[in-house]
Structures are given as C-alpha cells and as structure tokens.
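When we follow my numbering, the leftmost residue of the sequence shown carries the number 475, and every step to the right adds one.
Below is one structure, written out as structure tokens; comments come after it.
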Amino acid sequence: MAAIRPTHTDALVVVDVQNDFCEGGPLAVPDGSAVVPLLNALGRRFPVVVLTQDWHTPGHVSFATSHGRDAFGTIELGYGTQVLWPDHCVQGSAGADFHADLDLPHAQMIVRKGFHADVDSYSAFREADRTTATGLKGYLAERGVSRVFVAGLATDFCVLWTALDARQAGFDVVVIEDACRAIDMNGSLDAAFAAMDEAGVARVRAADIEAHE
Ligand code: VGL
Ligand code: ZN
C-alpha cells in the first residue's frame, strides 16, 4: 500500500505512549520513545486523532504484585489467561502521563482503559472480559470514521488488540509498523503479525502516509 492521504473518515489511534512504557519505566518497551517523533509528524497528517492511556487502579488485577507473584508469568482469571505485569500506569501517577515530548495538541479524544480493578484492557475498544465496551467504537462511528490507523506501544499487546477489535467493530484497519515498538516475549511479536494478517489488518510504513488536504 503506497501514498495514503488521510481524510476526515480516517482516524489515527495513538496507543499508550506513556512514561511507564518508555525507557526508565517499570514496563519499558525496548526503544519505546523512538515512536514519539514519528507520531508527532504522523499525527499532523490526520484530521482525527485519538490517544489511548493505560489507566489502572492501584493493586490492579494485571499487576504481579497483586498476586504475590513474579512479573511476566500468567494466571487464570474468570475471563481467561492474564499476563502479570510490573505495576504500571497507575491512575494519576507520573508514570501514567503521556511522554513529555509527545506533541499532538489537536488530538480530540483520550480513551482511558484498564480502569476496572478486576479487568485488564489491552484493547482501546473492549476490555479483557471481551464484553465491556470502552465507547471508542461509538465515538468513531458518530464522527463518520471508517478507517482506523493504529500506532504506538506495544505492537504485540495494546496495538495488536486495538487493531483486532477495530476490525471486529467493522472498521478498515491499518497498523503503522515503524511507529510501533514491541515487548516481544515468548514469540509474541511474530504471533501478533500473524494474527493481524489473519484478521485482515493492513500494515504500512509511516512514509506511506501523506499530508491530508
Ligand atoms: C500494555 C501490557 C500491559 C501495552 C499495557 O500498552 O501494550 N502492555 N498494559
Ligand atoms: Zn496495562
């Protein structure tokens, strides 16, 4: 896919570019802050921009410390297998703030997710119970958006689940590959690309996207 020129029916969803996922954070995504300048430039090419913000309660169910366990293991919860993470993106903490250099002042919507103490939400559309909606589908539909571009952190978790749920919600979906960075644990990045391909999620490079009219 080459030379995409976004219109008002295209939205850029910038996923979780927050301090805790960047260098020095408890859940730092390797090279995570490298997406910031790319996203600052990309965002200017989209008339519709949405930011997502991981936004957990203290003692959230996705935190290893809440279960007296080591991080990066898994547990079984009522809604399925949950990866256990270091404490991150606690509501109102500095770690939950957007990266200080993220400069997208025209972004119109911030979707917070993972705010229920007992349910995680990688996806910006639907929580990990796979039933509780965030409202983003309705927001985008009401604004007349038909195609969703996804970028940010992390390719193999929140970007992946957001892209898959956008497809399920009926949007055309495009992941901007070089404007994402991955956690990549136990082959999760290869699995993520396979799942995107299977779901009909297109993948492009930031350079394929031109300025909007
Ligand atoms: C994320 C793990 C836990 C992400 C959020 O933004 O990809 N990953 N919470
Ligand atoms: Zn999280």
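Where a beta carbon is used, it is the ideal one built from N, C-alpha and C, also for glycine.
- Should V649 be listed as close to ligand 1, given that the test is whether its C-beta is under 8 Å from any heavy atom? Walking along the sequence shown from the start, residue 649 turns up at place 175. Not so, every heavy atom of ligand 1 lies at least 8 Å from the Cβ.
- Message: As a quick exercise: from F520, A477, F589, G674, pick the residue whose alpha carbon is nearest that of T483.
- Response: Stepping through the sequence shown from its first residue, residue 483 is reached at position 9. Of the listed residues, the one whose Cα sits closest to T483 is F520.
- Query: To which residues of the same chain is G547 closer than 6 Å at the C-beta, ignoring the five residues directly before and after it?
  - Reply: Here residue 547 refers to the residue found at position 73 of the sequence shown. Counting only Cβ-Cβ distances below 6 Å, and skipping sequence neighbours, we find L558.
- Query: Just to confirm, are V619 and V648 a CB contact at a threshold of 9 Å?
  - Reply: Walking along the sequence shown from the start, residue 619 turns up at place 145. Walking along the sequence shown from the start, residue 648 turns up at place 174. Taking 9 Å as the Cβ cut-off, V619 and V648 do not qualify as a contacting pair.
- Task: Could you pull the start and end residues of the alpha helix (DSSP H) that V491 belongs to?
- Result: Along the sequence shown, read from residue 1 onward, the residue named residue 491 stands at position 17. Element bounds for V491: n/a, residue is neither H nor E.
- Message: Given a cut-off of 9 Å on the beta-carbon distance, is the pair A607 and R600 in contact?
- Response: Reading the sequence shown from its first residue, position 133 is the one you call residue 607. Reading the sequence shown from its first residue, position 126 is the one you call residue 600. In this structure, R600 lies closer than 9 Å to A607 by Cβ.
- Query: Under a Cβ-count criterion, where at least 16 other Cβ atoms within 10 Å of its own Cβ denotes burial, should A574 be classed as buried or exposed?
  - Reply: Here residue 574 is taken as the residue at index 100 of the sequence shown, counted from 1. Classification of A574: exposed, given that the 10 Å Cβ count is below 16.
- Task: Could you tell me if D479 is buried or exposed, where buried requires 16 or more neighbouring beta carbons within 10 angstroms of its beta carbon?
- Result: By one-based count along the sequence shown, residue 479 stands at place 5. What sits at residue 479 in the sequence shown is Arg, not Asp. With fewer than 16 other Cβ atoms within 10 Å, it is exposed.
- Message: Between the alpha carbons of D594 and A477, how many angstroms are there, rounded?
- Response: The residue you call residue 594 lines up with position 120 of the sequence shown. The residue you call residue 477 lines up with position 3 of the sequence shown. Approximately 36 Å between the Cα atoms of the pair.
- Look at the alpha carbon of F645 and the alpha carbon of I657, and state the distance between them as a whole number of angstroms. Position 171 of the sequence shown, counted from the start, is the residue given in the question as residue 645. Position 183 of the sequence shown, counted from the start, is the residue given in the question as residue 657. C-alpha separation (whole angstroms): 26 Å.
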